[in-house]
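Colleague: Letter by letter, the sequence shown follows residues -7 to 732 of the numbering used here.
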Amino acid sequence: MSKRFRCPDPWALLLGALLGTAQASAGCASPEALLSVRLGSTERGAVVVRLERDGDRVTGLLLPPDVLRSDEQGYVAGRLDCDGVSYVQLNPDLLVVYREETQELRIRPVPARLGQQTVDVGQTLKRVSPPVIPALGVDFGAYGAVRYDLRGEAAETEQSDFSLGTAQAYVGVGSSAGRLSGYLGALYTRRTNGESLVQGRGTAQFAVSPEWTVYAAYNASTSAAQPAFAVSDFRGVTVTYQRREERVYARLNLSLDTPAEISVYVNSVRLGVLNVGAGEVSLLNIPLDGQGANTIRLLVDTETGTSVREVDVPANAGGPVRQSLGVRTTAGTVRGRGVGEFSVQYAPTPSLLVQAQGQATSSGALSGAVQARLARAGSPLVGSAGAEVTRLNAAAPFQAAVTTRLDYTRQFLSASALLNVPLAQPADGSLDLQATYRAQPWLLSGGVRTRFQPGTWETEVGATRLLGARGAASVLAALAPDRYRLQFRVSYLFGPALRVQAGAALTESGAVPVAALTYQPTPDLSLSLNASADDISASSSLVRGVQLDLQAGTRGAAAQVGGALSLANGRVQLSPALTQRGLLIRTGVPRLTLTIDGAPSVLTNAAGDALVTSVTPGQVVVIRTDTRGLPLGVALVSSSLEVLPAAAGLTLVDWRDNFRVSSFVRFFWAPGQPAAAAADLYLNGERIPLDDEGYGLVLRSAAARTGELRGGEDGTRRCAVRLPASAQEATCDAAPPPPP
């Protein structure tokens, strides 16, 4: 933090003397007066001043120096000694008002005179990462399928009308503690030819530091904490390095006439407290959450009270993001063949992103690519250029190509152009042009693709019209030299749970009608029915502890179940997947719908917690709430939160402070008496009106509280009422009416 005070301005003193202002025209001969002095919003007490005035207008003023605090010396224009008594003259830009009826002097502060302070919030208040908690669990799953044909004819590839399809089952144990997590398990697979295979597998992750992480896998992918039904022959390690600088809000200016304690919040998350002096204060580099919209909230606490300052920061706005760098390297074997790959992503400036990746195998296959993307803030144009080199094996020649892409976005219009040119055979290059125009309720699109050879072009146009807020109708036409396609589709939402879709596609082979019906009464249950010219099928998905998926149609059926018994945060619970790596989100609101970066919604349990395992470690994810589906009595501070999951382990996201949960409580004046109908409850400085049956919507609290009921038939009845935690009723003894 830095602070500097401004010296008295001689030109201001001269101007004040010439104009006869209050701060310069008083002297030792001016009459004395005992007055109460108020500077800004603070009382400075009753002091003896020397005052010149014309009615209520102050034309001259000398103040005792003790009226000003040590950090207010910037208000002093000069000093004077009268018979051994010290006085100060104020700068002429301070307005002084005399109130004769109260014998009071009011001085308007000018914080700019008190100096300037700068606080680098990004350095002073370091953002604390969410804690990583230990977890332990056992996961399991089974899958089976059968094939048949109810259409009266067997498919050409089937040997009989009924046959068993692929069957799988797995079991494993996983654990995470601190920076280390691991998994061991086995997968059984029975193929359609009757062959059976049991495959042992395991994964491990170790976060060496916040930047470096090591992943190891045996018959699994290093990117998966739990392999589940995935079959893999990879055995090796992956090392990642991630350095991500936070996006910041460059500068936020405040004018303070007194010292203050400032609590800094970003999206309801408290970063910490700053203590600053009076004057012009600049808060620099306030850390923001990712690239989404942010709200900065400052609680400014001074000796005169607390004020609130809020700043809304749009998505991708704010100050520059410092350099970021990501590196990923993998080495191992697949069925005895060596494989390796690497990728690098570097952002030297907020507008420039450089990427490179490469792959190699022991058989001599090689591939590599590099790309640069430029996107200047506020510009409608985004451009990128790159090159790639491939070789199929050690005996094959290298093939190289260059790629250029240009995107344009302005209000309702977006367009793109993509050019790919192989260096050895430029005639095999391609050009892709696309454009979209959005103007409610219409969405129009068109495009053309072609190689640099005759008869290789293809074009398509489409139009979609929204049918109110519930439906849409679209048509798409595509044409090429040897084929065409005309497609119609209509969808409509009947209420919040039922969606119907129907359409048809017309090609040179004929017409293909399709229809679909989806019913999702709750986020954890969905049912669907699909019909086409050659198949009718129904499916369902249920996520309650475990996940159960069923599907049956005229050509086959399948069933899959998967889940885990997990111990996390001191609780044992069933979940669709192990909590070895992911997010444990605590909201305190039961059956609350959450979405994670557009993934399938999750529902909080009875304790208001939700487990999310489908996240990528080290990549920022956005947690969102469905504001339209909030339970009664629930209000929120922010509808979204950006979180960076830990590279290893279960990240605990405590979001309970974001939700204000209220419940109905019924109040009574006294035991055995009627309810306090139409009364008012005063609780924690808030007035809560009660309905005709004595119910009021009261904010929940983990501790008992005491409030006051006011009302009654004549409006004078009062009583103190104590609300225990989670109370559904509250009763108090009526106090005597107040004296007239």
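Note that CB positions come from ideal geometry on N, CA and C, so glycine has one too.
In this text, all values refer to a predicted model and were calculated from it rather than measured experimentally.
What is the rounded straight-line gap between the Cα of Leu415 and the Cα of Gln445?
Modeller: In a straight line, the C-alpha of Leu415 is about 16 Å away from that of Gln445.
Colleague: Comparing C-alpha positions only, which one of Val612, Gly641, Val653 and Pro637 sits nearest to Pro623?
Modeller: Val653
Colleague: Check whether the segment 600 to 609 and the segment 554 to 571 touch, using three or more Cβ-Cβ pairs below 8 Å as the test.
Modeller: Short answer: they touch.
Colleague: Leaving aside the five residues before and after Pro515 along the sequence, list all residues of the same chain whose C-beta is less than 6 Å from its C-beta, in chain order.
Modeller: Thr585, Ser593 and Leu595
Colleague: Is the CB-CB distance between Leu179 and Val165 below 7 Å?
Modeller: no
Colleague: Would you decide whether Val240 is buried or exposed? Buried here means 16 or more other CB atoms lie within 10 Å of its CB.
Modeller: Buried, by the Cβ-count rule.
Colleague: Might you give, ordered along the chain, the residues of its own chain that have their beta carbon closer than 6 Å to the beta carbon of Tyr257, omitting 5 neighbours on each side?
Modeller: Arg289
Colleague: Have a look at Leu86 and Ala695 and give me their C-alpha separation to the nearest angstrom.
Modeller: Roughly 49 Å between the two C-alpha positions.
Colleague: Going along the chain, which residues of its own chain have a beta-carbon closer than 6 Å to the beta-carbon of Leu435, five neighbours each way excluded?
Modeller: If we look at Leu435 and ignore the five residues flanking it on each side, its Cβ neighbours are Thr456.
Colleague: Over the uninterrupted alpha helix (DSSP H) stretch that includes Gln115, give me the two end residues.
Modeller: It spans Val113 to Thr116 - the alpha helix (DSSP H) in which Gln115 sits, taken as one unbroken run.
Colleague: Could you give the C-beta distance for Trp647 and Thr587, rounded to a whole number, given that I count them as a contact under 8 Å?
Modeller: Contact flag wrong, Cβ pair sits at about 14 Å.
Colleague: Does the separation of the CB atoms of Thr499 and Asp527 fall below 7 Å?
Modeller: no
Colleague: Note down, in chain order, each residue of its chain lying with its Cβ closer than 6 Å to the Cβ of Gln347, except the 5 sequence neighbours on either side.
Modeller: Gln337 and Gln363
Colleague: Report the rounded CA-to-CA distance for Phe480 versus Gly439, giving the unit in angstroms.
Modeller: Between Phe480 and Gly439, the C-alpha separation is close to 18 Å.
Colleague: With DSSP collapsed to three states, give me the class of Thr619.
Modeller: helix
Colleague: Leaving aside the five residues before and after Ser224 along the sequence, list all residues of the same chain whose C-beta is less than 8 Å from its C-beta, in chain order.
Modeller: Arg193, Ala209, Asn211, Ala212 and Ser213
Colleague: According to DSSP, is Asn259 part of a helix, a strand, or is it coil?
Modeller: Residue state for Asn259 is assigned as coil, using DSSP reduced to three classes.
Colleague: Ala216 to Ile254, Cα distance in whole Å?
Modeller: 43 Å
Colleague: Which residues does DSSP list as the beta-bridge partners of Ser335?
Modeller: Arg320 and Gln349
Colleague: Mind checking Asp131: buried by the 16 CB within 10 Å criterion, or exposed?
Modeller: Asp131 is buried by the Cβ-count criterion.
Colleague: Please report the straight-line C-alpha distance between Ser155 and Gly136, rounded to a whole angstrom.
Modeller: 12 Å
Colleague: Touching or not, the segment 113 to 129 and the segment 632 to 644, by the rule of three or more beta carbon pairs under 8 Å?
Modeller: Of all C-beta pairs linking the segment 113 to 129 to the segment 632 to 644, three or more are shorter than 8 Å, placing the two stretches in contact.
Colleague: Taking just the CA atoms, how far does Arg402 sit from Leu97?
Modeller: 57 Å
Colleague: Could you check if Gly113 is buried or exposed, using at least 16 other CB atoms within 10 Å of its CB as the buried criterion?
Modeller: According to the sequence as given, residue 113 is Val; it is not Gly. By the 10 Å Cβ count, Val113 comes out buried.
Colleague: Would DSSP call Glu64 helix, strand or coil?
Modeller: helix
Colleague: Per DSSP, what kind of secondary structure is Pro57 in: helix, strand or coil?
Modeller: DSSP places Pro57 in the helix class (H, G or I) of the three-state scheme.
Colleague: Below 6 Å CB to CB, which residues in the same chain sit around Thr149 once its five sequence neighbours on both sides are set aside?
Modeller: Model confidence at Thr149 stands at a pLDDT of 48, short of 50, so the residue's coordinates are unreliable; what they give is reported in the following sentence. Excluding sequence neighbours, Thr149 sits near nothing in its chain.
Colleague: Pull up the distance between the alpha-carbon of Gly356 and that of Glu452, whole angstroms please.
Modeller: 40 Å
Colleague: Do you know how far the Cα of Ala671 is from the Cα of Gly703?
Modeller: 5 Å
Colleague: Got a sec, what are the start and stop residues for the beta strand (DSSP E) Asn522 sits in?
Modeller: Leu517 to Ser524
Colleague: Using the C-alpha atoms, what's the distance from Thr51 back to Leu11?
Modeller: Confidence is the limiting factor: at Leu11 the pLDDT is only 35, short of 50, which leaves the residue's position unreliable, though a coordinate-based value still follows. Approximately 10 Å, taken between the alpha carbons.
Colleague: Nearest to Ala69 by alpha carbon, out of Leu54, Asn412 and Pro582?
Modeller: Nearest option by C-alpha distance: Leu54.
Colleague: Looking at the secondary structure, which residues open and close the beta strand (DSSP E) in which Gln218 lies?
Modeller: Run containing Gln218: none; DSSP gives neither H nor E here.
Colleague: Assuming Ala472 is part of the beta strand (DSSP E), what are its boundary residues?
Modeller: Gly463 to Ala472
Colleague: Please determine, among Pro126, Pro251 and Arg235, the residue with the shortest C-alpha to C-alpha distance to Gln108.
Modeller: Pro251
Colleague: In this structure, does DSSP put Arg709 in helix, strand or coil?
Modeller: The answer is strand: DSSP assigns Arg709 an E or B state.
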